[in-house]
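> In the numbering used here, the protein residues as written are 97 to 274.
Glycine is no exception: its CB is placed at the ideal position from the N, C-alpha and C atoms.
In this text, all values refer to a predicted model and were calculated from it rather than measured experimentally.
Before I ask anything, let me first share the structure, which is written out below as C-alpha cells.
Listed below in C-alpha cells is the structure:
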C-alpha cells in the first residue's frame, strides 16, 4: 500500500470542540477524587493527551505506556507486546487510559487486563477514535471522541509509516494500488 495523498477528515475545530467536551465530562466525573492518573498510550496519543490534560480541571498526573501490535507489516496486527511500562505504581489510584485509536480492540483489552491486575481504585478509558467495524475484542470505552469508518487516518498524533503525526487535523489517507 502506497500513500497517494491526504484529505481532511475531521477538522481542527471539530477536534477542539470534542476534546473540550470530553475534558468537561472527565473533570465532572473525577471532581471528588484526590488525583487522576492519565496513562497515555504512545506514540499516537501525545497530542490528544496534551490537549485533553490542559483542559481538565481536576488534579492529575501523566504517565505513559508503549505497546506494539504490528509485528510483520504495517497493516497486519499481531500479538500485543509491552515495550515500555508506566513508571509509577497504580495500585489504589484512579487511572484513565488515553489512546488515540481503537481498531481491533486487542491493545486496549490487553491494557485493561494488565492494569486491573495491579488493583487501581478505578480504571476507565478515553479514546479519540473508534473503528467499530474492525473490533474483534469486546472493550469498554468510557469516553469517546469520534466513531469513524474503516479508513486509514493520520494527523493529531496518528501516523502513516511514522509520517504526518503533527498535522493539526485528522486526515484520511488516500492510497494507490501497487
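#1: Check each candidate in 127, 264, 269, 271 and name the one with the smallest Cα separation from residue 107.
#2: Judging by CA-CA distance, which residue of 204, 251, 252 is the nearest neighbour of residue 234?
#3: Please go through the segment 156-204 and give each complete beta strand (DSSP E) segment of 3 or more residues, from N-terminal end onward.
#4: With residue 219 as the anchor, note down where its beta strand (DSSP E) starts and where it stops.
#5: What do you get for residue 277, buried or exposed, if any count of 16 or more other CB atoms within 10 angstroms of its CB means buried?
#6: Where do the ends of the alpha helix (DSSP H) carrying residue 125 lie?
#7: Quick one, which of 266, 183, 213, 130 has its alpha-carbon nearest residue 224's?
#8: Put residue 243 into one of helix, strand or coil per three-state DSSP.
#9: Can the beta-carbon of residue 163 be found less than 9 Å from the beta-carbon of residue 179?
#10: Please state whether DSSP places residue 256 in a helix, a strand or coil.
#11: Using a Cβ-Cβ cutoff of less than 6 Å, which residues in the same chain neighbour residue 145 once the five nearest sequence positions on both sides are dropped?
#12: Name the two residues that bound the continuous alpha helix (DSSP H) containing residue 151.
#13: Report the rounded CA-to-CA distance for residue 169 versus residue 159, giving the unit in angstroms.
Short version:
#1: 264
#2: 204
#3: 156-169, 172-180, 190-198
#4: 218-226
#5: Any property of residue 277 remains undetermined from this structure, which presents the chain solely from 97 to 274.
#6: 108-125
#7: 266
#8: strand
#9: yes
#10: strand
#11: 136, 194
#12: 142-151
#13: For residue 169, the pLDDT reaches just 49, beneath the cut-off of 50, and the residue's location in the model is therefore unreliable, although a value from the coordinates is still provided. So the alpha carbons of these two residues sit roughly 28 Å apart.
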